[in-house]
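Asks: Here the protein sequences line up with chains W and F, keeping their order. Residue numbering for the first sequence follows the working numbering, starting at 10 and increasing by one per position. Residue numbering for the second sequence follows the working numbering, starting at 30 and increasing by one per position. Ideal placement from N, C-alpha and C gives every residue a C-beta, glycine not left out.
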Amino acid sequence: MFAVQQLTHAYDGKTVLRVDDWRAEQGAQWLMLGPSGSGKTTLLHVLAGILRPASGQVRVADRDLMALSPAALDRFRGKSVGIVLQRLHLIDSLSVLSNLLLAQYMAGEAQNAARARDVLASLDLADKANAHPHELSHGQAQRVAVARAVVNKPKLLLADEPTSNLDDARCVQVLDLLLDQARACGATLVIATHDSRIKSRVPNHYELAVPHHEPQAVA
Amino acid sequence: MNLATISFAYLKARKLNTLLNILLLALGVATIVLLLLATTQLDQRMRRDAQGIDLVISAKGSPMQVILSSIYHLDVPTGNIPYKAALEISRHRAVRKAIPLALGDAYKGARIVGTTHDYLAHYSAKFAAGRRWEKPLEVVIGAEVAARTGLKLGAKFHGSHGLGEAGEAHEEHPYVVVGILERSGSVLDRLVVCSVESVWAMHASHLDIKDISDIANAMKEEEKEYTALLIQYSSPIAAAILPRYVNNNSAMQAASPAYETARLFSIIGVGVDVLRGFALVLVFSAGLSVFIALYNALNERRYDLAIMRTLGARPATLMALLLFEGLLLALIGGVLGIALGHVLTEVLGHALKAAQQVSVTGWVWVPAEWWVLALATGVGVIAALIPAWRAYRTDIAGTLARG
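1. Output yes or no for whether 7 Å exceeds the beta carbon distance between Leu357 (chain F) and Ser36 (chain F).
2. According to DSSP, is Ala342 (chain F) helix, strand or coil?
3. Note down, in chain order, every chain F residue with its Cβ under 7 Å from the Cβ of Thr50 (chain W).
4. Roughly how many whole angstroms lie between the Cα atoms of Leu16 (chain W) and Tyr114 (chain W)?
5. According to the neighbour-count rule (16 or more other Cβ atoms, all chains shown, within 10 Å of its Cβ), is Gln282 (chain F) buried or exposed?
6. Is the Cβ of Gly91 (chain W) closer than 7 Å to any Cβ of chain F?
7. Can you check whether the CB of Arg422 (chain F) is closer than 7 Å to the CB of Leu327 (chain F)?
8. Is DSSP giving Tyr114 (chain W) helix, strand or coil here?
9. Can at least three beta-carbon pairs, one atom from the segment 79 to 98 of chain W and one from the segment 128 to 137 of chain W, be found at a separation below 8 Å?
10. Beta strand (DSSP E) containing Cys223 (chain F): first to last residue?
11. Is it the case that the CB of Ala38 (chain F) approaches a heavy atom of the ligand NAD more closely than 6 Å?
12. Can you give me the C-alpha to C-alpha distance between Glu254 (chain F) and Met248 (chain F), rounded to a whole angstrom?
13. Apply the 10 Å Cβ neighbour rule to Arg32 (chain W) and answer buried if 16 or more other Cβ atoms are within range, or exposed otherwise.
14. Can you name the residues of chain F whose CB is closer than 8 Å to the CB of Ala57 (chain W)?
15. Taking the beta carbon of Tyr148 (chain F) as the centre, do at least 16 other beta carbons fall within 10 Å, making it buried, or is it exposed?
16. For Ala417 (chain F), decide whether its Cβ has a neighbour in chain W, counting only Cβ atoms nearer than 7 Å.
17. Less than 7 Å between C-beta atoms, sequence neighbours within five positions excluded: which residues of the same chain meet that for Ala59 (chain F)?
18. With a threshold of 6 Å on Cβ separation, who are the neighbours of Thr256 (chain F) within its own chain once the five nearest residues in sequence on each side are excluded?
19. Going residue by residue through the segment 111 to 191 of chain W, where are the continuous alpha helix (DSSP H) segments of at least 4 residues, counting only ones entirely within it?
20. Under the DSSP definition of a beta bridge, which residues are partnered with Gln38 (chain W)?
21. Could you check whether the Cβ of Leu45 (chain F) sits closer than 7 Å to any Cβ belonging to chain W?
22. Would the beta-carbon of Tyr274 (chain F) fall within 7 Å of that of Asp83 (chain F)?
23. Quick one: what's Ile170 (chain F) bridged to in DSSP?
24. Got a sec: is the Cβ-Cβ distance from Arg86 (chain W) to anything in chain F below 7 Å?
25. Using only CA atoms, which one of F:Arg305, F:Lys382 and F:Ala230 lies nearest to Leu166 (chain F)?
26. In the DSSP assignment, the alpha helix (DSSP H) including Thr144 (chain F) goes from what residue to what residue?
27. List the residues of chain W whose Cβ lies closer than 8 Å to the Cβ of Tyr39 (chain F), in chain order.
28. Using a Cβ-Cβ distance cut-off of 7 Å, determine whether Tyr324 (chain F) contacts chain W.
29. Looking only at its own chain, which residues have a Cβ that is under 7 Å from the Cβ of Val219 (chain W), when we skip the five neighbours before and after it?
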């Protein structure tokens, strides 16, 4: 489903990410593990088509992301990728339902309020459709973020540290939610985390190491 | 969901800010529209009233006062001119048409103008009721006079001496209304018009004339006076001959309506320019306020913008979103401002009406208002340009990584 090879990325001449080879099947469920500074978020951004790495090969859903034009990359992101960010970033000026419709609109999909309401109902949010994000509890807001990520039935569902700062019971709930929703749309799921509580629940693990810094050639 | 609904949602989320921007813009636009409507109508009316009158001959005094008193009937006359001298001028070869005016009396603030039928013809007067005057003391009244005083056909009234409200009444001879004019937007609307002989009759009490119906023959030539002569030239060359001839060879003076009106407008123009400058400052500060609002919003919304890109939005979509927001603000402010400008002009018109001045209404559309709307929307779009460009260049990964 996706394949990442010989990938490196650098900020200000400092290597922040290095991936030799990581492949995943369609519908597979993965944890991306690693200490802070190992580039989990950066790799998530690369997979989502938000960030072009400095070098390497990235294929996602049969597309070579390195070769896509900026416009094609935007289209790819909208249609094929759903992402749940650590700090959710729901749009507060819009209602919960509108946040979902926005995902359809920005992806260039036909706006389907029935589909959006179905997704909200499956996440037990049917009565919150017209609420604004600031009126929601953290748990509800997180479910809205998941709903927004899956409303376009993505092929790849990404989540960045979804369980950090949650107690054990809530941690399990959120994980179940992600697994269920990914399964429901047949998406490959990648969860970036350093939360050891969820390791046993997800079959595939990919460990990221902090890249060692090569000495820079002095010009 | 589209750009309009998203823009609208953002504007609604910042109600106070949005209201302030709309208000600033609306006030600026309203001021410009008010000036536009008032000056356009004033200019139109004054031009129409002076149309076809090339020269005014009167007693010596301020030429502007002469024009204001004998064409617009807004000022007091400079004095009277002898009948014989006026007759001589009107027979000059440079004169095609000469309309005499005899002023001096008023009825409830409406001036009584003694003249000839030519005066009605000059303004293409149409009758709403009745007919022209044929005998002394018969009068025709303008539409506004009729509306304000309630005078009907056949009504009799006494003129009062002087041009104001409270003069000494001429008790002996009542005027009788024989005609009421249609509203024309010209100076005729607020005048009472009659024959010169009627005015003479009012002021001939000391001459001991019994039968005023034949007053023109009963009076001696030396006793007859006009207040002014409205002259139309027979040819363009007349402009070079007649004024000099009058000023050099008589105790009278010649004043040019075109010149004096232009002078008047250049004096008013200073005030109008100051107001227009003030209005432009308002519009400019509205633009600045929109710019600052959008620019600050950009900071608050950098995650929103990054999220929209993550959801598949193209950079151009975000740019369009910001531009649309500026445009929406400007359009609402502009349309509101134009409406407000019309209402203010109408209010001003009522105030002027009460003061018996030139009539102005807010219920007309001047084509230049499209330009005002274009100016307002232009300001909105320009104010949104830099924020829109920054939205276009949103760095998704960088923004999200910081959050």
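Replies: Looking at the coordinates:
1. Working through the second sequence from its first residue, we reach residue 357 (chain F) at position 328. Working through the second sequence from its first residue, we reach residue 36 (chain F) at position 7. Result yes, Cβ atoms of Leu357 (chain F) and Ser36 (chain F) sit closer than 7 Å.
2. For the purposes of this step, residue 342 (chain F) is identified with residue 313 of the second sequence, where counting begins at 1. Coil at Ala342 (chain F), not helix or strand.
3. Translated into positions along the first sequence, residue 50 (chain W) becomes position 41. Within 7 Å Cβ-Cβ: Ala430.
4. Residue mapping note: residue 16 (chain W) aligns to position 7 of the first sequence, counting from 1. Residue mapping note: residue 114 (chain W) aligns to position 105 of the first sequence, counting from 1. C-alpha separation (whole angstroms): 32 Å.
5. Taking the first residue of the second sequence as 1, we reach residue 282 (chain F) at position 253. That one is buried.
6. Taking the first sequence and counting its residues from 1, one reaches residue 91 (chain W) at position 82. It does not; no Cβ of chain F falls within 7 Å.
7. Within the second sequence, numbered from 1, the residue matching residue 327 (chain F) stands at position 298. Within the second sequence, numbered from 1, the residue matching residue 422 (chain F) stands at position 393. Judged by beta-carbon spacing, Arg422 (chain F) lies beyond the 7 Å limit of Leu327 (chain F), meaning their Cβ atoms are not closer than that value.
8. Your numbering for residue 114 (chain W) matches position 105 in the first sequence. Three-state DSSP puts Tyr114 (chain W) in a helix.
9. no
10. Residue 223 (chain F) sits at position 194 when you count from the first residue of the second sequence. Note, Cys223 (chain F): beta strand (DSSP E), Leu220 to Ser224.
11. Absent from the structure shown: the ligand NAD. Ligands present: none.
12. Here residue 254 (chain F) corresponds to residue number 225 of the second sequence, with the count starting at 1. Here residue 248 (chain F) corresponds to residue number 219 of the second sequence, with the count starting at 1. Rounded to whole angstroms, Glu254 (chain F) to Met248 (chain F) spans 11 Å at the Cα level.
13. Reading the first sequence from its first residue, position 23 is the one you call residue 32 (chain W). Label assigned to Arg32 (chain W): exposed.
14. Residue 57 (chain W) sits at position 48 when you count from the first residue of the first sequence. Simply Thr339.
15. Position 119 of the second sequence, counted from the first residue, corresponds to residue 148 (chain F). It counts as buried.
16. Start at 1 with the first residue of the second sequence, and residue 417 (chain F) comes out as number 388. Taking Cβ atoms only, chain W never reaches closer than 7 Å to Ala417 (chain F), which makes this a no.
17. By one-based count along the second sequence, residue 59 (chain F) stands at place 30. Around Ala59 (chain F): Gly366, Leu369, Gly370 and Leu373.
18. For the purposes of this step, residue 256 (chain F) is taken as the residue at position 227 of the second sequence. Cβ neighbours of Thr256 (chain F) beyond the five flanking positions: Pro106, Asn109, Leu130, Ala131 and Leu132.
19. 122 to 131 and 147 to 159
20. As a working mapping, residue 38 (chain W) is identified with position 29 in the first sequence. DSSP lists W:Leu198 as partners of Gln38 (chain W).
21. For the purposes of this step, residue 45 (chain F) is taken as residue 16 along the second sequence, with counting starting at 1. So, not an interface residue.
22. Within the second sequence, the letter at position 245 stands for residue 274 (chain F). Within the second sequence, the letter at position 54 stands for residue 83 (chain F). Taking 7 Å as the Cβ cut-off, Tyr274 (chain F) and Asp83 (chain F) do not qualify as a contacting pair.
23. In the second sequence, the residue the question calls residue 170 (chain F) occupies position 141. Partner(s): F:Ile209 and F:Val221.
24. In the first sequence, the residue the question calls residue 86 (chain W) occupies position 77. At a cut-off of 7 Å between beta carbons, Arg86 (chain W) contacts chain F.
25. Your numbering for residue 166 (chain F) matches position 137 in the second sequence. When only C-alpha atoms are compared, the closest one is F:Ala230.
26. For this step, residue 144 (chain F) is matched to residue 115 along the second sequence. Segment Ala139 to Thr144 is the beta strand (DSSP E) holding Thr144 (chain F); no alpha helix (DSSP H) there.
27. The residue given as residue 39 (chain F) occupies position 10 in the second sequence. Those are Ser102, listed as they occur along chain W.
28. Reading the second sequence from its first residue, position 295 is the one you call residue 324 (chain F). No, no contact with chain W.
29. Here residue 219 (chain W) refers to the residue found at position 210 when the first sequence is read from its first residue. The residues are Pro44, Gly46 and Ser47.
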